[in-house]
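S.K.:
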Amino acid sequence: MSRTSFAYIVKRELYRLYTTLSQSLFPPIISALLFLTIFSFVLKDKSTIGAPFTEFLVPGLIMMAAINSSFTSTSFSLFLSKWTKQIQLILTTPTSYLELVSAYLVGAILRSLIVSIGIFLVTLFFVVPSIAHVWALAYYFLLACILFGSIGIILALKAETFEHLGVVTTFFLTPLTMLGGVFYSIKDLPLWFQKITLFNPVFYFVDGFRYGLLGATDGPLGIGIAVTFILTATTVASVVYLMKIGWKVKY
Amino acid sequence: MHAIEIKNLKKSYKNEVAVKDMDFYVEKGDFFGFIGPNGAGKTTTIQCIMGLLKFDGKISIFGNDNVIDYIEARKLIGFSPQEENLDPFLNVEQALHFTAGYYGLKKDKIKERVELMLKDFGLVKHRKKNTRALSGGMKRRLLLARSLVHDPKILILDEPTAAMDVELRQDFWKLMKRINGEGKTIMLTSHYIEEVEQLCNTICIVNEGKIIAMDKKETIMQDLSNQELKIKTNKPVPSDLIKVEACKIIHENTHTLVVGKDIRKKANGIIKIIEKAGIKIEEIDIRNESLEKVFLRITQTNANQSEALKITPEILKDKK
Numbered sequence: 629m630s631r632t633s634f635a636y637i638v639k640r641e642l643y644r645l646y647t648t649l650s651q652s653l654f655p656p657i658i659s660a661l662l663f664l665t666i667f668s669f670v671l672k673d674k675s676t677i678g679a680p681f682t683e684f685l686v687p688g689l690i691m692m693a694a695i696n697s698s699f700t701s702t703s704f705s706l707f708l709s710k711w712t713k714q715i716q717l718i719l720t721t722p723t724s725y726l727e728l729v730s731a732y733l734v735g736a737i738l739r740s741l742i743v744s745i746g747i748f749l750v751t752l753f754f755v756v757p758s759i760a761h762v763w764a765l766a767y768y769f770l771l772a773c774i775l776f777g778s779i780g781i782i783l784a785l786k787a788e789t790f791e792h793l794g795v796v797t798t799f800f801l802t803p804l805t806m807l808g809g810v811f812y813s814i815k816d817l818p819l820w821f822q823k824i825t826l827f828n829p830v831f832y833f834v835d836g837f838r839y840g841l842l843g844a845t846d847g848p849l850g851i852g853i854a855v856t857f858i859l860t861a862t863t864v865a866s867v868v869y870l871m872k873i874g875w876k877v878k879y
Numbered sequence: 152m153h154a155i156e157i158k159n160l161k162k163s164y165k166n167e168v169a170v171k172d173m174d175f176y177v178e179k180g181d182f183f184g185f186i187g188p189n190g191a192g193k194t195t196t197i198q199c200i201m202g203l204l205k206f207d208g209k210i211s212i213f214g215n216d217n218v219i220d221y222i223e224a225r226k227l228i229g230f231s232p233q234e235e236n237l238d239p240f241l242n243v244e245q246a247l248h249f250t251a252g253y254y255g256l257k258k259d260k261i262k263e264r265v266e267l268m269l270k271d272f273g274l275v276k277h278r279k280k281n282t283r284a285l286s287g288g289m290k291r292r293l294l295l296a297r298s299l300v301h302d303p304k305i306l307i308l309d310e311p312t313a314a315m316d317v318e319l320r321q322d323f324w325k326l327m328k329r330i331n332g333e334g335k336t337i338m339l340t341s342h343y344i345e346e347v348e349q350l351c352n353t354i355c356i357v358n359e360g361k362i363i364a365m366d367k368k369e370t371i372m373q374d375l376s377n378q379e380l381k382i383k384t385n386k387p388v389p390s391d392l393i394k395v396e397a398c399k400i401i402h403e404n405t406h407t408l409v410v411g412k413d414i415r416k417k418a419n420g421i422i423k424i425i426e427k428a429g430i431k432i433e434e435i436d437i438r439n440e441s442l443e444k445v446f447l448r449i450t451q452t453n454a455n456q457s458e459a460l461k462i463t464p465e466i467l468k469d470k471k
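Protein chains in written order, with this note's numbering: chain C, 629 to 879; chain B, 152 to 471.
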């Protein structure tokens, strides 16, 4: 792998983030700030899985932002490259498909990290979260960024219009994150809804990341680790394969 | 070893065949003109060379297979596409800087090459302008600069002078001649046949996905071009006076036009016949048909005529 080529694609991704800060960094931080403001007043006395509600909310908000940021980072960047035919430049440079996928994913991870740090700093106005298990924070954060960054790549390859990206965000990603236990414990749901939630991958990421911060989980941790790992590994392998065959890019 | 070698290249889009079993090579250091009417398969062939399309057949770049050894192959080529594809987030300097980075150049080398490209292409005072803010001609210059920033051995230019004004085009020609003189192999497609005639050493004419003629420019002109003999006389030449085999003769009042092969050799005979008939010749002009006329004539004929033209890639190989 040519380190220079990889580094320049990542650098370009970060530069794009820098030029679009008002659209990419500030909205998730402002949203998190609003959620915390509202819920810290309305539900300040509520305790969920043994933690005050505001503290319970923080990992969910960070994970939601990380998922959205990584998905948006790869899907928008790659689709825009296709739209402007700039992808042709990358595809004619000595950049391997593995290098290309890795660079987009590293870009997504870094963008999500910056957004997450921003949200974490905002939460300090409301609560000082403790860190129970660093490994869980790192594991779930990285895997969430890689998985949803990879899904973003697949979508960008498949999409033919900007509308396609919007449709998936509205009808797929937003419902999954909203119903993934960001704002509630699944134990508060009816049993049938709890069972459905166990099929939502976002739930495992939120729950695992919450375990990293609070040390308590809503669902089975072992299953969460297995589900997130298998899902991420399968999706990354699919992305690498699709890039290799030039799916929807080379005709 | 050839700079570019293409063997049995075939490319279809759904049910439409764009390239039919194309077979040719570009010699190292050559200035290779690749011309044909719209839809002839030029851009498709170039996109196959660049690895932007899937295809059947084999393409090698200085011996590197462009599918198997694609990393090595791509390092050797600079490509200026027909359609502008500049990064909308970057300014001129950054566009060059990042491209050099994608090609794996080291930091110091990137700085040196970017400065050189900005200077060579007259982009120094536009270096901080966003690529979206550039005029069509400037964008074209930047695309060319970008294709050369990593100092490739081969330069592939797909309609590089589209949207350029006459002055800029002439500057471009000078620059391309200089670059070719420095040893770079250049493959050029252009709608301006005059440009190909001016710049290229070898010309390949394609139509309907097939090569219909390919050889050194001089040979193409000699083998394919007709000559025109224009004679102005003091009175009209009778239409049945001159009979020349395989030539077209047009009379218009006191002007006579004879078009065909080897007119230079036949001119003396024609002049003698006219003078013998007591007609005074006032002006004579003999010219070779331009490449543009050759191009239009042979691309408008049936594709089967390629056999009649007797210039095929296979024959070209035998000659060499």
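All residues carry an ideal CB built from backbone N, CA and C; glycine is no exception.
The structure displayed is predicted, hence computed values, not measured ones.
1) Can you grab the Cα-Cα spacing for the pair L293/B / K270/B, in whole Å?
2) Taking only beta-carbon positions, decide if N453/B is within less than 8 Å of chain C.
3) Does M152/B come within less than 8 Å of chain C when only Cβ atoms are used?
4) For C398/B, which beta-bridge partners are listed by DSSP?
5) I need the boundaries of the alpha helix (DSSP H) containing I371/B, first residue and last residue.
6) So, helix, strand or coil for T712/C, using DSSP?
7) For G475/B, count neighbouring Cβ atoms within 10 angstroms of its own Cβ and tell me buried if that reaches 16, exposed if not.
8) Give a yes or no on whether the minimum CB-CB distance between G874/C and chain B is below 8 Å.
9) Counting along the chain, where does the alpha helix (DSSP H) carrying V834/C start and finish?
10) Where do the ends of the alpha helix (DSSP H) carrying L849/C lie?
11) Can the beta-carbon of I393/B be found closer than 8 Å to that of I424/B?
12) Does the Cβ of R448/B have 16 or more other Cβ atoms within 10 Å, making it buried, or fewer, making it exposed?
13) Any idea which residues DSSP pairs C355/B with across the strands?
14) Go to L306/B, then tell me how far its beta strand (DSSP E) extends in each direction, as first and last residue.
15) Using a Cβ cut-off of 8 Å (strictly closer), state whether Y879/C contacts chain B.
16) If we count Cβ pairs, one from each stretch, closer than 8 Å, do we get three or more for the region 258-265 of chain B versus the region 199-207 of chain B?
17) Does any C-beta atom of chain C lie closer than 8 Å to the C-beta of L204/B?
18) Give me whichever residues DSSP pairs with Y176/B in a beta bridge.
19) Within 8 Å of any Cβ in chain C, is that where the Cβ of E234/B sits?
20) Identify whether L807/C lies in helix, strand or coil by the three-state DSSP scheme.
21) Locate the beta strand (DSSP E) running through S504/B, then write down its first and last residues.
22) Kindly give me the distance between the Cβ atoms of A251/B and D238/B, rounded to whole angstroms, as I take these residues to be in contact under 8 Å.
23) Check whether the Cβ atoms of V762/C and G840/C sit closer than 8 Å, and answer yes or no.
24) On the DSSP bridge assignment, give the partners of Q822/C in chain order.
25) Looking at chain C, which residues of the region 238-272 of chain B have a Cβ within less than 8 Å of any of its Cβ atoms?
26) Three or more C-beta pairs under 8 Å: does that hold for the region 649-658 of chain C against the region 712-732 of chain C?
27) Once the 5 residues before and after S231/B are set aside, which same chain residues still bring their CB inside 6 Å of it?
28) Applying a beta-carbon distance threshold of less than 8 Å, which residues of chain B neighbour Q651/C?
29) Could you check what DSSP says for H406/B in three-state terms: helix, strand or coil?
30) Would you say Q822/C lies against chain B (beta-carbon separation less than 8 Å)?
31) For a contact defined as C-beta to C-beta under 7 Å, what are the partners of K713/C on chain B?
32) By a C-beta neighbour count over all protein chains shown, 10 Å radius and 16 as the cutoff for buried, is L752/C buried or exposed?
33) Among F684/C, A766/C, T720/C and L706/C, which has the Cα closest to the Cα of G780/C?
34) Going by other Cβ atoms of all chains shown within 10 Å of its Cβ, with 16 needed for buried, is G688/C buried or exposed?
35) What is the rounded straight-line gap between the Cα of I718/C and the Cα of R291/B?
36) Between A154/B, G187/B and G334/B, which lies nearest to I362/B when the distance is taken from Cα to Cα?
M.R.: Let's see:
1) 11 Å
2) Caution applies to N453/B, whose pLDDT of 41 falls short of 50 and renders its modelled position unreliable; the value that the coordinates give is listed next. So no, N453/B is outside the interface.
3) no
4) G411/B
5) K368 to L375
6) coil
7) Examination of residue 475/B is not possible in this model, given that chain B is present from 152 through 471 alone.
8) yes
9) P829 to L842
10) L849 to I873
11) yes
12) exposed
13) F185/B and M365/B
14) I305 to D309
15) yes
16) no
17) yes
18) E156/B
19) yes
20) coil
21) Past the edges of chain B, shown from 152 to 471, lies residue 504/B, and the structure says nothing about it.
22) Actually they do not touch by this definition, with Cβ atoms about 13 Å apart.
23) yes
24) DSSP lists no partner for Q822/C.
25) D238, P239, F240, L241, Q245, F249, T250, G252, Y253, Y254, G255, L256 and K257
26) no
27) L294, L295, S298, L308 and P311
28) Neighbours of Q651/C on chain B: none; closest Cβ ~12 Å, over 8 Å.
29) strand
30) no
31) E234 and N236
32) exposed
33) L706/C
34) buried
35) 18 Å
36) G187/B
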